[in-house]
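First the structure, in the form of structure tokens, and then the observations on it.
2 protein chains.
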Amino acid sequence: MTGLTFTLSHVDGRARRGRLDTAHGAIETPAFMPVGTAATVKAMTPDAVRATGAQCILGNTYHLMLRPGAERIRRLGGLHEFMNWPGPILTDSGGFQVWSLKDLRKLTEDGVTFKSHIDGARHELTPESCMDIQNALDADITMVLDECTPFGVDGDTARASMELSMRWARRSRKAFEDRPGYGLFGIVQGGVYPELRRESAERLQAVGFDGYAVGGLAVGEGPELMLATLDTTTTHLPDDRPRYLMGVGKPEDLVNAVELGIDMFDCVLPTRSGRTDQAFTRRGQLNMRNARHKDDPRPLDPDCACPACADYSRAYLHHLVQAREILGLMLLTWHNLHYYQELMAGMRQAIEAGSFADFKRDFLAQQAAGDIEPLNGTDA
Amino acid sequence: MTGLTFTLSHVDGRARRGRLDTAHGAIETPAFMPVGTAATVKAMTPDAVRATGAQCILGNTYHLMLRPGAERIRRLGGLHEFMNWPGPILTDSGGFQVWSLKDLRKLTEDGVTFKSHIDGARHELTPESCMDIQNALDADITMVLDECTPFGVDGDTARASMELSMRWARRSRKAFEDRPGYGLFGIVQGGVYPELRRESAERLQAVGFDGYAVGGLAVGEGPELMLATLDTTTTHLPDDRPRYLMGVGKPEDLVNAVELGIDMFDCVLPTRSGRTDQAFTRRGQLNMRNARHKDDPRPLDPDCACPACADYSRAYLHHLVQAREILGLMLLTWHNLHYYQELMAGMRQAIEAGSFADFKRDFLAQQAAGDIEPLNGTDA
Numbered sequence: 001m002t003g004l005t006f007t008l009s010h011v012d013g014r015a016r017r018g019r020l021d022t023a024h025g026a027i028e029t030p031a032f033m034p035v036g037t038a039a040t041v042k043a044m045t046p047d048a049v050r051a052t053g054a055q056c057i058l059g060n061t062y063h064l065m066l067r068p069g070a071e072r073i074r075r076l077g078g079l080h081e082f083m084n085w086p087g088p089i090l091t092d093s094g095g096f097q098v099w100s101l102k103d104l105r106k107l108t109e110d111g112v113t114f115k116s117h118i119d120g121a122r123h124e125l126t127p128e129s130c131m132d133i134q135n136a137l138d139a140d141i142t143m144v145l146d147e148c149t150p151f152g153v154d155g156d157t158a159r160a161s162m163e164l165s166m167r168w169a170r171r172s173r174k175a176f177e178d179r180p181g182y183g184l185f186g187i188v189q190g191g192v193y194p195e196l197r198r199e200s201a202e203r204l205q206a207v208g209f210d211g212y213a214v215g216g217l218a219v220g221e222g223p224e225l226m227l228a229t230l231d232t233t234t235t236h237l238p239d240d241r242p243r244y245l246m247g248v249g250k251p252e253d254l255v256n257a258v259e260l261g262i263d264m265f266d267c268v269l270p271t272r273s274g275r276t277d278q279a280f281t282r283r284g285q286l287n288m289r290n291a292r293h294k295d296d297p298r299p300l301d302p303d304c305a306c307p308a309c310a311d312y313s314r315a316y317l318h319h320l321v322q323a324r325e326i327l328g329l330m331l332l333t334w335h336n337l338h339y340y341q342e343l344m345a346g347m348r349q350a351i352e353a354g355s356f357a358d359f360k361r362d363f364l365a366q367q368a369a370g371d372i373e374p375l376n377g378t379d380a
Numbered sequence: 001m002t003g004l005t006f007t008l009s010h011v012d013g014r015a016r017r018g019r020l021d022t023a024h025g026a027i028e029t030p031a032f033m034p035v036g037t038a039a040t041v042k043a044m045t046p047d048a049v050r051a052t053g054a055q056c057i058l059g060n061t062y063h064l065m066l067r068p069g070a071e072r073i074r075r076l077g078g079l080h081e082f083m084n085w086p087g088p089i090l091t092d093s094g095g096f097q098v099w100s101l102k103d104l105r106k107l108t109e110d111g112v113t114f115k116s117h118i119d120g121a122r123h124e125l126t127p128e129s130c131m132d133i134q135n136a137l138d139a140d141i142t143m144v145l146d147e148c149t150p151f152g153v154d155g156d157t158a159r160a161s162m163e164l165s166m167r168w169a170r171r172s173r174k175a176f177e178d179r180p181g182y183g184l185f186g187i188v189q190g191g192v193y194p195e196l197r198r199e200s201a202e203r204l205q206a207v208g209f210d211g212y213a214v215g216g217l218a219v220g221e222g223p224e225l226m227l228a229t230l231d232t233t234t235t236h237l238p239d240d241r242p243r244y245l246m247g248v249g250k251p252e253d254l255v256n257a258v259e260l261g262i263d264m265f266d267c268v269l270p271t272r273s274g275r276t277d278q279a280f281t282r283r284g285q286l287n288m289r290n291a292r293h294k295d296d297p298r299p300l301d302p303d304c305a306c307p308a309c310a311d312y313s314r315a316y317l318h319h320l321v322q323a324r325e326i327l328g329l330m331l332l333t334w335h336n337l338h339y340y341q342e343l344m345a346g347m348r349q350a351i352e353a354g355s356f357a358d359f360k361r362d363f364l365a366q367q368a369a370g371d372i373e374p375l376n377g378t379d380a
């Protein structure tokens, strides 16, 4: 086998059920990948991440190249060994983080130079060095270096940005070292312009990638324009390769994007929300700082089997976040990742059963119904 | 059974091997109790605490009475239920924390009034209310309210302070509600004055307690004066009741105190050190921020079976602490608690075998030998 094997087993409308085989194991799709920025999914042990049902995690090339350094990780046996995660790992290209550095970066045809946010040291990323770095990290899935087109730019600017990304994608492909079980994904850019998205998708296919990502969304365009752009983009992507929507998102975004044929996701939302006292549940989002939880002996989500829900009350979780205790971050992060994985598992099951439309209707109804009723006298 | 059953099985010199049975299970002694200040052992799940070998944890009455409140914890089923720790819990009296508030407290014969460090609200602790609060928390082991005599005071001041503590101990005993499996410990005070310590120990025995604690040590007197004071104090304590050295200490302190007949310990050192990048090992203390670890693929302690040592390199732990990642605190806390519990288990085994003197000699030799040799070229 060269590259990554992707097997589609069920299609329900445009929603897809598949499996992506990598050098470090299989990823059942649609899949959500927790973000392990600096070689750790924040506030979680790898065992706990695995216990939530996650199969693949994401590492951030930008952070890892700066600290502890890609060559150091290579010497220490690669990212899987370094961080004790034996399963598949996808690394991003670092382009998105560099793009958000704004005044600290300089873009040329060759690549991008930037100053480290840690020590101010100057670094360079080119399509070629980006492949070397991800190779040193031993990523199962490598992403091409691209420029994330900002939202709000005119068509000419968006085209120029997309065309640069396509030239970089070709250079990335050329520099990528093919190995069985390892693959390279191209990234569709083009802002919110359907014609540019079509052209980008076609140019990437002319090069040929193991998978196709949709980049440059969830950067300020809002959910409607995001879904409209996704709607046209996925129609121009090949059926036999996985599709990955980068950096998205909320639970409803995942459901809507799966409906449009997306197979893979990553987002910091469940982990970051866990560290800011927010919990995602079947019945919507809860702020655990809210005083109405302070005497509530019931679990966060009565329908959830994660340790935060199985072993603790809302009152206890509220106490932990009020006292800024680390266990509060740990339990809410665990719960949120568990919820995201349960949501993905539910979608996979629904697609297998040909009932994705029902699943989506039930999902939306339950979210709209809101939280369980407050207990008498506890709605402080 | 009324109160707590304590069974001594082995004595080796003055070192003691025993078992204390409580309403929530047994504590094999000598025992180290991790500190769970605000209803959580910081950065640890209860399962992880149990996995280190800990049998009993300590809760801080001062913190819990302020937040979330003792009556709230009672309504939520008691501290065991609230924090998901089914094993034995000892709560301190709150006196030590109030004592360290300095300008925010006022002491009278009746008790002590103080301002909350959280919201400035005024609170009162008397020997009687202190029993009520610990009863509400459902502590297996309750501590009497006492005044911690500061180090450096003259003999008259130390006597006056000790005598107040003895009057409070009598009132505490009177207010304590006897129940099977629950017990009350008196606290010996008297500063570094052997005669006061003797008198305090005898006056407590005249009242009668389920166990006897040694308070007011490790407050600045230094290790030699601490051990000298402990040496005389334990000779005045009854053999058939457990002895608890409060708030101590470093690994060598535990070994020295067990040698003098102490059965129980608590200290924030292993957990606090874990959150400040310090690791305790058989070969001494390591600062994981040190750059010499950054390329070292070896475990923190090759002889340790805890997850931090079994699954990760020194290089990875160094990376986590440099990046201020929560997993770094989690793993170092776990390791330190595991190390403390292994140390206690080693002492228990040595006392059973009648070889405590050998154990102590080996312990000191290994600590003095220092860390494993640096790898070539990694001693940056």
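Chain order of the listed sequences is A and B.
Residues in the first sequence are numbered from 1 upward in steps of one, following this note's numbering.
Residues in the second sequence are numbered from 1 upward in steps of one, following this note's numbering.
Virtual Cβ for every residue (Gly too), placed ideally from N, Cα, C.
Check	Outcome
Sequence-distant residues of the same chain with beta carbon closer than 6 Å to A213 of chain B, five excluded per side	F185, I187, Y244, M246
Near-chain E residues of the stretch 297-311 of chain B (beta-carbon distance less than 9 Å), N- to C-terminal order	Annotation note: the requested chain E is absent from the structure, which comprises protein chains A and B.
Straight-line gap, T37 of chain B to H63 of chain B (C-alpha atoms, nearest Å)	7 Å
Proximity test, Cβ basis, 8 Å: K42 of chain B and chain A	yes
For T235 of chain B and A291 of chain A, the rounded distance between their alpha carbons	51 Å
In DSSP terms, what G59 of chain B is bridged to	B:T91
A279 of chain A (DSSP reduced to helix, strand or coil)	strand
In DSSP terms, what R309 of chain A is bridged to	As written in the sequence, residue 309 of chain A is Cys, which differs from the Arg given in the question. Partner(s): none; C309 of chain A has no beta bridge.
DSSP-derived helix/strand/coil call for E163 of chain B	helix
Three-state secondary structure (DSSP) of D156 of chain B	helix
Identity of the residues DSSP links to T52 of chain B by a beta bridge	Its beta-bridge partners do not exist; DSSP assigns none.
Beta-carbon proximity check, L79 of chain B vs D210 of chain B, cutoff 8 Å	no
Start and end residues, alpha helix (DSSP H) containing C130 of chain B	127-137
Alpha helix (DSSP H) segments (min. 4 residues) lying fully within the stretch 307-348 of chain A	307-311, 314-322
Positions along the stretch 316-327 of chain B whose CB lies within less than 7 Å of some CB in chain A	Y316, H319, L320, Q322, A323, E325, I326, L327
Nearest candidate by alpha-carbon position, reference G381 of chain B, set B:I141, B:D47, B:L125	Examination of residue 381 of chain B is not possible in this model, given that chain B is present from 1 through 380 alone.
Residue range of the alpha helix (DSSP H) that includes N287 of chain B	Not the alpha helix (DSSP H): N287 of chain B falls in the beta strand (DSSP E), residues 284-287.
Residue-level contact to chain B via CB, A38 of chain A, 8 Å cutoff	yes
Residue environment, D379 of chain B, which counts as buried when at least 16 other CB atoms sit within 10 Å	The pLDDT assigned to D379 of chain B is 44, lower than 50, so where the model puts this residue is not dependable, and the model offers no usable value.
Simplified DSSP state of L145 of chain B, which is helix, strand or coil	coil
Distance, Q97 of chain A Cα to R75 of chain B Cα	48 Å
Beta-carbon gap between T333 of chain B and R282 of chain B smaller than 8 Å	no
Selected residue, minimal CA-CA separation from L204 of chain A, among A:M65, A:V219, A:F32, A:L237	A:L237
Where the beta strand (DSSP E) through V214 of chain A begins and ends	211-214
Beta-carbon proximity check, L260 of chain B vs L225 of chain B, cutoff 8 Å	no
Those residues which DSSP pairs with V35 of chain B across a bridge	B:L58
Cα-Cα separation between F6 of chain B and A353 of chain B, rounded to whole angstroms	20 Å
Burial state of F16 of chain B, where buried means 16 or more other Cβ atoms lie within 10 Å	Correcting the residue identity first, residue 16 of chain B is Arg in this sequence and not Phe. R16 of chain B should be labelled buried.
Nearest-angstrom Cβ-Cβ length linking P86 of chain A and H24 of chain A, presumed shorter than 8 Å	6 Å
Beta-carbon neighbours of F185 of chain A, restricted to chain B and to distances below 9 Å	In chain order: nothing, as chain B lies at least about 26 Å away.
Contacts that D295 of chain B makes with chain A (C-beta to C-beta distance below 8 Å)	R72, R75, L76
Beta bridge counterpart(s) of D140 of chain A as assigned by DSSP	Per DSSP, none; premise fails for D140 of chain A.
One or two residues paired with K115 of chain A in a DSSP bridge	A:R122
Closest residue to A48 of chain A among B:A369, B:V144, B:L327, B:L337 (Cα-Cα distance)	B:L327
From B:C56, B:A39, B:L164, B:R159, residue whose alpha carbon lies closest to that of L107 of chain B	B:L164
Cut-off 8 Å between Cβ atoms - residues of its own chain near Q341 of chain A, not counting five sequence neighbours on either side	F32, T52, G53, A54
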